[in-house]
Amino acid sequence: TPPPAYVYDGDRGEDHRMQPDVASYTDDSLSSLRLHTKGRIIREPPSSGSLESTKSLDVEKGLEMRKWVLSGILASEEAYLSHLEALLLPMKPLKAAATTSQPMLTLQQIETIFFKVPELHEIHKDFYDGLLPRVQQWSHHQCVGDLFQKLASQLGVYRAFVDNYKVAVETAEKCCQANSQFAEISEVSFKGTYIILSKQSLISLPPSLLYKPVDRVTRSTLVLHDLLKHTPSSHPDHPLLQDALRISQNFLSSINEEITPRRQSMTVKKGENRQLLRDQFMVELVEGARKLRHVFLFTDLLLCAKLKKQTGGKGQQYDCKWYIPLADVTFQTIDESESSPVSQIPEEEIDAMKVKISQIKNEIQREKVDKGKVLDRLRKKLCEQESLLLLISPCMAFRVSNRNGKGYTFLISSDYEREEWREIIREQQKKCFKSFSLTSLELQMLTNSCVKLQTVHNVPLTINKEDDESMGLYGFLNVIVHSATGLKQSLNLYCTLEVDSFGYFVNKAKTRVYRDTTEPNWNEEFEIELEGSQTLRLLCYSKVKQCRDDGENMDRIMAKGQIQLDPPSLQGKDWQRTVISMNGIEVKLSMRFTSREFSLKRMPSRKQSGVFGVKIGAVTKREHSKVPLIVRQCVEEIERRGMEELGIYRVSGVATDIQALKAAFDANNKDVSVMMSEMDVNAIAGTLKLYFRELPEPLFTDELYANFTEGIGRCSFKTQWFAFSILSSPGALLLKQ
1 TPPPAYVYDG
11 DRGEDHRMQP
21 DVASYTDDSL
31 SSLRLHTKGR
41 IIREPPSSGS
51 LESTKSLDVE
61 KGLEMRKWVL
71 SGILASEEAY
81 LSHLEALLLP
91 MKPLKAAATT
101 SQPMLTLQQI
111 ETIFFKVPEL
121 HEIHKDFYDG
131 LLPRVQQWSH
141 HQCVGDLFQK
151 LASQLGVYRA
161 FVDNYKVAVE
171 TAEKCCQANS
181 QFAEISEVSF
191 KGTYIILSKQ
201 SLISLPPSLL
211 YKPVDRVTRS
221 TLVLHDLLKH
231 TPSSHPDHPL
241 LQDALRISQN
251 FLSSINEEIT
261 PRRQSMTVKK
271 GENRQLLRDQ
281 FMVELVEGAR
291 KLRHVFLFTD
301 LLLCAKLKKQ
311 TGGKGQQYDC
321 KWYIPLADVT
331 FQTIDESESS
341 PVSQIPEEEI
351 DAMKVKISQI
361 KNEIQREKVD
371 KGKVLDRLRK
381 KLCEQESLLL
391 LISPCMAFRV
401 SNRNGKGYTF
411 LISSDYEREE
421 WREIIREQQK
431 KCFKSFSLTS
441 LELQMLTNSC
451 VKLQTVHNVP
461 LTINKEDDES
471 MGLYGFLNVI
481 VHSATGLKQS
491 LNLYCTLEVD
501 SFGYFVNKAK
511 TRVYRDTTEP
521 NWNEEFEIEL
531 EGSQTLRLLC
541 YSKVKQCRDD
551 GENMDRIMAK
561 GQIQLDPPSL
571 QGKDWQRTVI
581 SMNGIEVKLS
591 MRFTSREFSL
601 KRMPSRKQSG
611 VFGVKIGAVT
621 KREHSKVPLI
631 VRQCVEEIER
641 RGMEELGIYR
651 VSGVATDIQA
661 LKAAFDANNK
671 DVSVMMSEMD
681 VNAIAGTLKL
691 YFRELPEPLF
701 TDELYANFTE
711 GIGRCSFKTQ
721 WFAFSILSSP
731 GALLLKQ
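Going by full-length UniProt numbering, the residue at position 573 of the sequence shown is 573; the numbering climbs one at a time, nothing skipped.
Given below as structure tokens:
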């Protein structure tokens, strides 16, 4: 079980839960300390005397007491560092073994089990190294408040440690069960009293060792009470120690008060709680340029920060770009915004980037098999390409501004995520009524605390995933959107489907608008290409206006929900029915998955009179043309009314419309042009993709495939994209020639 809750009384400095550990704060070198029966530490003067004589001490004696308290802190810090070093001791050999051919634990498992222990050790080692020389060279004018304030500003790492505790224990237990060799020679017991590294090495640990980090905050808070008691209000340390005490009290209160883990900020006045609700890497549009930002949403403000480049082996650091108190946040619409429309990155450039990323991944896999020495270079190259892809891919505007009119624009690829941010900000605004401004010191402290408070530590790249981590599904997912129930009033309703691809979500399908009903029945089937996808999202809209050119959707989102794409349940050939419940609305779906291995398998058609599944040479010979009629007609119709459509070949068309067009072309129906004019342009694009996919032999034949791939390596990047689009995904090709 996770550590128990802690109840802390900030006014009296009492900790009713941790009395034994508070007692353990005492040391032989601190004979002047004694423990109150309720758990509160009472200080006595170093010389014998009654409590009355303590109260009569003058300021000079009080300042002398500061040295005694600080000496006790040093002794306690030294003992605490030894506890942390005992935890770090088994971590080193386990990490060394992880890089061998027969690791006992993966690096990810080690990081989970020993989560934040190295950071805790570093924080307290810095504190100890800073305090020791000041106590050794003690004078009544010596200042130490800055050290305690810095220590308090880093308390977010303790919150992360507590939140991870249960996962750490579960991971250790699973490793013992899954790895018999590890279970035999290395037993990790966080509930017991020992860690066995080998049959010859036994490291004894006290049962409460993993509770020590939180115990440490409790004891430090009690000591701060006593340090403040003997620090005159005129001393420069007094306001700094007060701030450190307030931060520690807020932290301990949050452990007991919060049911769901939320991160505690360190820069709140008057004991108020500022907590981190959400953080995410986002793309900000700054004077037409795309910039990667880390956005933090606290309970009272929205902060946009830039992650500094790491130099000299230092940890992460943030620069605050801007912040807005939540009471002042407003959402801009397109009509209100004076900024220029968001520029769209050509889809072929995004596809080219994906092709290049796939190439690098294939090279990495080959190097792993051949045990080459260029893996680091390839991984760095992959990280650069994926970061660039995430920077250029979003095109959906998310605009916020303050009440003074200053606006900021983020670019998001998913309407689902944009709505999530709006919902949580609006909900929190109900509790925020006053505006405020932060001093430069407060803003700096808040920005520094983001390093420890962040819940998202990496840009969502596939390079950040372990090799044994699930990489999602590759192939085609057929989805039937059946119906929706639970609507309270008649609406013009439609749904969109989003899936994750290359680290971000994109819109893949859209149903028709079902008008003036409380129970829409679409029964529309879509074929969605999956590229390492793990999640399917569904959004229900009430039709209000047309979408704007820059991706801002003015229609109202009625409900949104998501489901995980579970490979075992989707591997069968049968349709899997499911229901997505959201905001009282239920949408019924059916899904069926076809892996890439089978979906791209080419089978010749038995009907030689049709066009689908028939060799392209036979079709052109029959039609007396160089380009098949189906290609010309589809391309002409797309160019006529689809060039302004976002994602012509990415967004799936209705499967029934595609099958109807396929049957019409196979039957040489003369009315096919009329049918196409009445259908959605995405269905026409889907028909063209299906034609290329069902060719019994690819356009660039199997016989010349090897020669072709070798030759395109010498071509320009744009030509390479065109060529690899044909080779890797025939459905992505648009032929005009």
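A virtual CB, placed ideally from N, CA and C, is assigned to each residue, including glycine. Here the structure is a predicted model, which is why all the values come from computation and not from measurement.
When the five nearest sequence neighbours on each side are left out, the beta carbons in the same chain lying within less than 6 angstroms of the beta carbon of residue 402 are those of 324, 328, in order along the chain.
The three-state secondary structure of residue 674, taken from DSSP, is helix.
By a beta-carbon distance limit of 8 angstroms, residue 654 does not contact residue 671. Their separation comes to about 19 angstroms.
At the C-beta level, residue 157 and residue 116 come within 8 angstroms of one another.
Around residue 367, the same chain offers 374, 375, 378 as residues with beta carbons nearer than 7 angstroms, after the five sequence neighbours per side are excluded. In terms of Cβ geometry, residue 318 and residue 309 do not form a close pair [threshold 8 angstroms].
The criterion of a C-beta distance shorter than 8 angstroms is satisfied by residue 87 and residue 114.
By the 16-neighbour rule on beta-carbons within 10 angstroms, residue 575 is exposed. The count of Cβ pairs closer than 8 angstroms, one atom from the segment 516 to 524 and one from the segment 445 to 464, stays below three, leaving the stretches out of contact. Contact check for residue 638 against residue 683 fails: the beta carbons are separated by 8 angstroms or more. For residue 555, no alpha helix (DSSP H) run applies, since DSSP gives it neither H nor E.
Under DSSP, residue 91 forms no beta bridge with any residue. Looking only at 360, 586, 357, the smallest Cα-Cα distance to residue 487 is reached by 586. The alpha-carbon separation between residue 509 and residue 489 amounts to approximately 25 angstroms. Here the alpha carbon of residue 482 sits roughly 10 angstroms from the alpha carbon of residue 578. Contact annotation: residue 493 and residue 484 have beta-carbon atoms nearer than 8 angstroms. Distance between residue 149 and residue 526, taken at the CA atoms: about 58 angstroms. Rounded to the nearest angstrom, the gap between the Cα atoms of residue 503 and residue 384 is 14 angstroms. A straight-line Cα-Cα distance of about 9 angstroms links residue 246 and residue 221. Excluding residues up to 5 positions away in sequence, 274, 325, 326, 432 lie with their Cβ nearer than 7 angstroms to the Cβ of residue 300 in the same chain.
Listed in chain order, the alpha helix (DSSP H) runs fully inside the UniProt domain "PH" (275 to 430) are 347 to 370, 375 to 392, 415 to 429, counting runs of at least 4 residues.
Counting along the chain, no beta strand (DSSP E) covers residue 667, and no H or E run does either.
Under the DSSP assignment, residue 692 falls in the alpha helix (DSSP H) whose first and last residues are 681 to 693.
Counting other Cβ atoms within 10 Å of its Cβ, residue 495 reaches 16 or more and is therefore classed as buried.
Ranked by how close their Cα comes to the Cα of residue 67, the residues 140, 631, 248 have 140 in first place. Annotation note: the segment 94 to 174 contains the following uninterrupted alpha helix (DSSP H) runs of length 4 or greater, listed N- to C-terminal: 107 to 113, 117 to 136, 145 to 153. When the alpha-carbon of residue 291 is set against those of 595, 244, 387, the nearest one is in 387.
Within 10 angstroms of the beta-carbon of residue 289 lie fewer than 16 other beta-carbons, which makes it exposed. Burial of residue 164 is indicated by the presence of at least 16 other C-beta atoms within 10 angstroms of its C-beta.
Just measuring C-alpha positions, the residue of 455, 643, 582 sitting nearest residue 563 is 582. By DSSP's assignment, residue 480 forms a beta bridge with 525, 590. In this structure, residue 399 places its C-beta atom within 8 angstroms of the C-beta atom of residue 407.
Shown here for residue 422: same chain residues with a beta carbon closer than 7 angstroms to its own, the five before and five after excluded, namely 331 in chain order. Under DSSP, residue 509 takes part in a beta bridge, and its partners are 497, 652. Pairing residue 565 with residue 124, the inter-Cα distance amounts to about 44 angstroms. By a beta-carbon distance limit of 8 angstroms, residue 530 does not contact residue 561. Their separation comes to about 19 angstroms.
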